[in-house]
Amino acid sequence: MSLLSRTIRRLLPYRLPAIDTQRVYTLDTRTELGRGSKRRCYAHPSNPGLCIKVARWPQRSDAHEASLVEWYCSRGLDRRGVSYTHRPHIHGWIATDQGPGLVVERIRDHDDTPSLKLHEALARGLVAAESVPELLAQLKDWVMSSGVAVNDLSLGNMLLRRRDNAQELVLIDGIGGQKIKLKFMLYRRFGWFARSISRHRWPRYERKIYARIGIGDRETALHTAFEPPQRPPAIASVDRTLGYGTAAQAPGYRRASQRSASSTALISTRIDRTRSSRSRADNSAARSSLAPTNQR
Numbered sequence: 002m003s004l005l006s007r008t009i010r011r012l013l014p015y016r017l018p019a020i021d022t023q024r025v026y027t028l029d030t031r032t033e034l035g036r037g038s039k040r041r042c043y044a045h046p047s048n049p050g051l052c053i054k055v056a057r058w059p060q061r062s063d064a065h066e067a068s069l070v071e072w073y074c075s076r077g078l079d080r081r082g083v084s085y086t087h088r089p090h091i092h093g094w095i096a097t098d099q100g101p102g103l104v105v106e107r108i109r110d111h112d113d114t115p116s117l118k119l120h121e122a123l124a125r126g127l128v129a130a131e132s133v134p135e136l137l138a139q140l141k142d143w144v145m146s147s148g149v150a151v152n153d154l155s156l157g158n159m160l161l162r163r164r165d166n167a168q169e170l171v172l173i174d175g176i177g178g179q180k181i182k183l184k185f186m187l188y189r190r191f192g193w194f195a196r197s198i199s200r201h202r203w204p205r206y207e208r209k210i211y212a213r214i215g216i217g218d219r220e221t222a223l224h225t226a227f228e229p230p231q232r233p234p235a236i237a238s239v240d241r242t243l244g245y246g247t248a249a250q251a252p253g254y255r256r257a258s259q260r261s262a263s264s265t266a267l268i269s270t271r272i273d274r275t276r277s278s279r280s281r282a283d284n285s286a287a288r289s290s291l292a293p294t295n296q297r
């Protein structure tokens, strides 16, 4: 798959568009809004309603790949008429002193203040943890009905936009992934495929988020983190075509199941050893306290 993805990157015409270099924007480090593994986000120097995403290491050959994925996915959703209820507008590219930058709408609340990330809103008490499941359910309805491929859903990838009488989550990252590969091409062309991938991954996203904010049983969340991934319907049909009667008979599933069993067994062994060590320490302390004191 890696070789296939590299071939696709060379063949498909996903390249940076022509950028006007007559005006180069200077980005101030004091206006940095956040950073991820590949990009930094700055406030727009002259428009408070916009922000600019630039590569952290612009000299790399794949430096702008994540921004290209976001831009092309947004254009594909625009062509399909997908609403901006839970996603920002993507305005295009500009030249900056840190290389090409992707201009994105800066999400704001009803009082025109910048919306906070979900974990920040939770920390400030602007939203209760008990309200998160309902907000995620609204986001999921939009994702499924619109055929949006969500490749990363976390507390840092969602903003809480507060309106007059309602609140909603806005995805500022994680749509379509970060690399140009075969799946990315399928996401853009086939809404049913994007929907299938999101439906397959959504329960795992929810479990991780609930574990982070303290909703639900923590031990259950820890256990389910090591569950082998279920095969999406689109991939399961391929398994059947290749002669695997069930998903569990597919080689990839068997390997995932073995890794899951090994990880779970390792955790159980470590827990048992810790409990045994504590028990021995407690027994030793008890014997010491009961032993007679030698007096001369």
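Using this note's numbering, the first residue of the sequence shown is number 2, and each one after it goes up by one.
No residue lacks a Cβ here, since even glycine has one placed at the ideal position from N, Cα and C.
Because the structure is a prediction, the values reported are computed rather than measured.
On the DSSP bridge list, what partners appear for D98? Here the question's residue 98 lines up with position 97 in the sequence shown. DSSP, once it has assigned bridges, lists G100 as partnering D98.
Using 8 Å as the threshold, is the C-beta distance between Y188 and G177 below it? Stepping through the sequence shown from its first residue, residue 188 is reached at position 187. Stepping through the sequence shown from its first residue, residue 177 is reached at position 176. Yes, the Cβ-Cβ distance between Y188 and G177 is below 8 Å.
Under the three-state reduction of DSSP, which class applies to I210: helix, strand or coil? Position 209 of the sequence shown holds residue 210. Helix at I210.
Coarse secondary structure for R16, derived from DSSP in three states: Counting from one through the sequence shown, the residue named residue 16 turns up at place 15. If DSSP states are grouped into helix, strand and coil, R16 belongs with coil.
Could you work out which residue in S199, R202, Q179, I214 is closest to A298 when comparing CA atoms only? No answer is possible for residue 298: it lies beyond the span of the chain, which begins at 2 and ends at 297.
When the Cα atoms are used, what is the spatial distance from E169 to W72? Here residue 169 refers to the residue found at position 168 when the sequence shown is read from its first residue. Here residue 72 refers to the residue found at position 71 when the sequence shown is read from its first residue. Roughly 23 Å separates the two Cα atoms.
Which residue marks the beginning of the alpha helix (DSSP H) containing L183, and which one marks its end? Translated into positions along the sequence shown, residue 183 becomes position 182. From DSSP, the alpha helix (DSSP H) with L183 extends over 183-190.
Could you tell me which of I214, P18, E66, R109 sits nearest to P49, measuring between CA atoms? For the purposes of this step, residue 49 is identified with residue 48 of the sequence shown, where counting begins at 1. The candidate whose alpha carbon is nearest that of P49 is R109.
Count the other CB atoms, across all protein chains shown, that sit within 10 Å of the CB of T97; report buried if there are 16 or more and exposed otherwise. The residue you call residue 97 lines up with position 96 of the sequence shown. Of the residues assessed, T97 falls on the buried side of the cut-off, its CB having 16 or more other CB atoms within 10 angstroms.
For I176, which beta-bridge partners are listed by DSSP? Taking the sequence shown and counting its residues from 1, the one referred to as residue 176 is at position 175. Answer is V151.
Near P18, which residues of its chain fall below 8 Å by C-beta distance, leaving aside the five closest residues on each side in sequence? The residue you call residue 18 lines up with position 17 of the sequence shown. Correct list, in chain order: G93, W94.
Measuring CA to CA, which of W143, D79, E106 is closest to I53? Within the sequence shown, residue 53 is the residue found at index 52, counting from 1. Closest by alpha carbon: E106.
Looking only at its own chain, which residues have a Cβ that is under 7 Å from the Cβ of E207, when we skip the five neighbours before and after it? Within the sequence shown, residue 207 is the residue found at index 206, counting from 1. Answer for E207: L137, listed in chain order.
So if DSSP puts I91 in a beta bridge, which residue, or which two residues, is it bridged to? Indexing the sequence shown from 1 puts residue 91 at position 90. V105, per the DSSP bridge assignment.
Own chain residues within Cβ distance below 7 Å of V25, not counting five before or after: Your numbering for residue 25 matches position 24 in the sequence shown. Once the five neighbours on either side are set aside, the close Cβ partners of V25 are A96, T97, D98.
For the candidate residues A56, P134, C42, whose alpha-carbon lies nearest to that of I214? As a position in the sequence shown, residue 214 is number 213, starting the count at 1. Taking only the C-alpha atoms, the option nearest I214 is P134.
Per DSSP, C52 is paired with what? Along the sequence shown, one-based indexing puts residue 52 at 51. DSSP output for C52 lists A44, V105 as bridge partner(s).
Under the three-state DSSP convention, the category K141 falls into: Stepping through the sequence shown from its first residue, residue 141 is reached at position 140. K141 falls in the helix class under three-state DSSP.
Using a Cβ-Cβ cutoff of less than 7 Å, which residues in the same chain neighbour A195 once the five nearest sequence positions on both sides are dropped? The count along the sequence shown starts at 1 and reaches residue 195 at position 194. Excluding positions up to five away in sequence, the list reads G148, V149, A150, Y188.
How about the stretch 66-80 and the stretch 25-35: do they share at least three Cβ pairs that are nearer than 8 Å? no
Looking at V104 and L51, is the spacing between their C-beta atoms short of 8 Å? For the purposes of this step, residue 51 is taken as residue 50 along the sequence shown, with counting starting at 1. For the purposes of this step, residue 104 is taken as residue 103 along the sequence shown, with counting starting at 1. Yes, they are a contact pair.
Output yes or no for whether 8 Å exceeds the beta carbon distance between N158 and I181. Looking up residue 158 in the sequence shown gives position 157. Looking up residue 181 in the sequence shown gives position 180. No; because the gap between Cβ atoms is not below 8 Å, this pair is not in contact.
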